[in-house]
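Chemist:
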Amino acid sequence: TMAELLANADVVSLHVPDVPSTRNFFTKDQFAQMKEGSIFINAARGTCVIIEDLADAIKSGHIAGAAVDVFPKEPKANGEEFESPLRGLPNVILTPHVGGSTMEAQANIGLEVAEKFVAYSDKGMTLSAVNFPEIALPLTEGKHRLLHIHRNVPGVLSKINTLFAEQGINISGQSLMTKGDVGYLVMDVDASASQEALDTLHEVDGTIRVRILF
Numbered sequence: 279t280m281a282e283l284l285a286n287a288d289v290v291s292l293h294v295p296d297v298p299s300t301r302n303f304f305t306k307d308q309f310a311q312m313k314e315g316s317i318f319i320n321a322a323r324g325t326c327v328i329i330e331d332l333a334d335a336i337k338s339g340h341i342a343g344a345a346v347d348v349f350p351k352e353p354k355a356n357g358e359e360f361e362s363p364l365r366g367l368p369n370v371i372l373t374p375h376v377g378g379s380t381m382e383a384q385a386n387i388g389l390e391v392a393e394k395f396v397a398y399s400d401k402g403m404t405l406s407a408v409n410f411p412e413i414a415l416p417l418t419e420g421k422h423r424l425l426h427i428h429r430n431v432p433g434v435l436s437k438i439n440t441l442f443a444e445q446g447i448n449i450s451g452q453s454l455m456t457k458g459d460v461g462y463l464v465m466d467v468d469a470s471a472s473q474e475a476l477d478t479l480h481e482v483d484g485t486i487r488v489r490i491l492f
């Protein structure tokens, strides 16, 4: 259980998103359950911890120290004073939550975004998409790749496979994922059959968009 974990851990490190179930996740009750002399790290979100309760636990000596990178209220610009009940407490490390704003991080973000665009435009891959199905089908040498975006309703994949079988179109590779109302199908077929396959996909009920890559 959580209580057993807290009672036995020398270091508790928090890494959770800011969602309703994690807000005020750690309060005086959780700090009281922690092993005496343990260390607390918050690298999640400032809303996950009652910061005043953490400060009280450190002042009492029950928590030996803490490292915190996120806060309920953070300065919005240079020159704005940072205020926190953790300031000045012993064995406490406070860092400014700017990892994503460093020059190195921004450069890497720009590179990653460009790579994701190229992966989709050239290969149909959509890994890390937040509002679209994620697919990373390995390329099949010597084949043509088709992308089929459709409404997420039962029977679409079965219909496509049946039509291809009736027309003698062999599928060398195939991957389907759905997200919400959208389905995304990536498939590789023989180069000689790619145009026929494309025309067939256009005729499938529920089709939103079809694209041939190569």
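So my numbering is basically just the index in the sequence shown, starting at one, shifted up by 278.
All C-beta atoms in this analysis are idealised placements derived from N, C-alpha and C, irrespective of residue type, glycine included.
#1: Within 10 Å of its beta-carbon, does L479 have 16 or more other beta-carbons around it, so buried, or fewer, so exposed?
#2: Whole angstroms are fine: how far does the CA of G315 sit from the CA of I341?
#3: What's the C-alpha gap between P298 and R429?
#4: Thinking S291 and A333 are a contact (beta carbons under 8 Å), I'd like their distance in whole angstroms, please.
#5: Given this structure, state the Cα-to-Cα distance separating S399 from P411, to the nearest angstrom.
#6: Taking 7 Å as the limit between beta carbons, can you name the residues of its chain near T305, skipping five residues before and five after?
#7: Are the stretch 402–418 and the stretch 366–385 touching, with three or more C-beta to C-beta distances below 8 Å?
#8: So what does DSSP say about Q445, is it helix, strand or coil?
#9: Are the beta-carbon atoms belonging to A344 and I319 less than 8 Å from one another?
#10: DSSP three-state call for T485: helix, strand or coil?
#11: D468 and N439 - do their beta-carbons sit closer together than 8 Å?
#12: Hey, out of L364, V434, V370 and I413, whose CA is closest to V482's CA?
#13: Look up A345 in the DSSP assignment and give the residues it is bridged to.
#14: Between the C-alpha atoms of I371 and C326, what's the straight-line distance to the nearest angstrom?
Modeler: Reading from the atomic positions:
#1: buried
#2: 5 Å
#3: 31 Å
#4: S291 to A333, Cβ: 18 Å. No contact.
#5: Their backbone Cα atoms lie some 15 Å apart in a straight line.
#6: Closer than 7 Å at Cβ, skipping near neighbours: I328 and D331.
#7: no
#8: coil
#9: yes
#10: strand
#11: no
#12: That would be V434, whose Cα lies nearest to the Cα of V482.
#13: I319 and I371
#14: 18 Å
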